[in-house]
Amino acid sequence: MIIIFTLLILATILLFWGGFFDVVWLPTKKRDYNRIAKLIDLQPNEILYDLGSGTGALLFYLSKRYNIRCVGIEISPILYLYSKVKSLFYKKVNIKYGNFFNHDLSEADGVYVFLHPKAYGKLRKKFSTDLKKESKILVSCWPLNNIKPMRMSKKEGEYTYYLYKKAPLC
Ligand SMILES: C[S@@+](CC[C@H](N)C(=O)[O-])C[C@H]1O[C@@H](n2cnc3c(N)ncnc32)[C@H](O)[C@@H]1O
37 MIIIFTLLIL ATILLFWGGF FDVVWLPTKK RDYNRIAKLI DLQPNEILYD LGSGTGALLF
97 YLSKRYNIRC VGIEISPILY LYSKVKSLFY KKVNIKYGNF FNHDLSEADG VYVFLHPKAY
157 GKLRKKFSTD LKKESKILVS CWPLNNIKPM RMSKKEGEYT YYLYKKAPLC
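All residue numbers for the sequence shown refer to this note's numbering, where the first residue is 37 and numbers rise by one.
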């Protein structure tokens, strides 16, 4: 009994491991996937990075529906393992393990961010060194400070999404 209880506690800690970094796991709503795709507007074979990709569900959907290439970076061992195994069945999705601050983002045409705003300062520095000038950045819920988004997707009672270009961030 004690062993099962300990394993359950351990699994829960590992599942929500991201909470010790830049935000705890909370998936993007499925009904928002197409809204996100339209706002970021990537072309077939362009590359989207999801920083903290959770179960990877958004990436699996977008890769199939819009024929884009996707890279997810996830720090929770459980979410990573789950999405890594699933990615074996998706040619265009690559899931990487670890802290996204330690990964190179230079091939990204688009980046999806659903994180706590406390991460934004460090993220913006990373974007300015890593990203291409024309890369797009789509931010969920909390806009970046002091920068006007290029476009937004707003819906009554739903999350707002903000689209930025890398260029004005640096
Ligand atoms: C709010 S969830 C979003 C999940 C997914 N992007 C989605 O939209 O469904 C944030 C995710 O980021 C992960 N995370 C937090 N900080 C991270 C870091 N520094 N590096 C990698 N992943 C991180 C968490 O474990 C969690 O799965």
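Glycine included, every Cβ here is placed at the ideal spot set by N, Cα and C. Quantities reported herein were computed from a predicted structural model and do not represent experimental measurements.
- Shortest gap from the CB of residue 110 to any heavy atom of ligand 1: under 6 angstroms.
- For residue 63, the distance from the CB to the nearest heavy atom of ligand 1 is below 6 angstroms.
- Membership of residue 75 in the alpha helix (DSSP H) is indicated by the continuous run 69-76.
- Using a cutoff of 6 angstroms, the CB of residue 57 counts as near ligand 1, since one of the ligand's heavy atoms is closer than that.
- Sixteen is the threshold: when 16 or more other Cβ atoms of the shown chains lie within 10 Å of the Cβ of residue 105, as they do, the residue is buried.
- In the three-state reduction of the DSSP assignment, residue 39 falls in the helix class, which pools H, G and I.
- In this chain, the alpha helix (DSSP H) harbouring residue 159 covers 156-166.
- Non-local C-beta neighbours of residue 170 in its own chain, meaning closer than 8 angstroms and more than five positions away in sequence, comprise 145, 201, 202 and 203, ordered along the chain.
- Each of 75, 127, 191 and 39 was checked against the Cα of residue 103, and the nearest Cα belongs to 127.
- Looking from the CA of residue 154, the closest CA among 39, 49, 74 and 60 belongs to 60.
- The beta carbons of residue 186 and residue 199 sit closer together than 7 angstroms.
- At least one heavy atom of ligand 1 is found less than 6 angstroms from the C-beta of residue 89.
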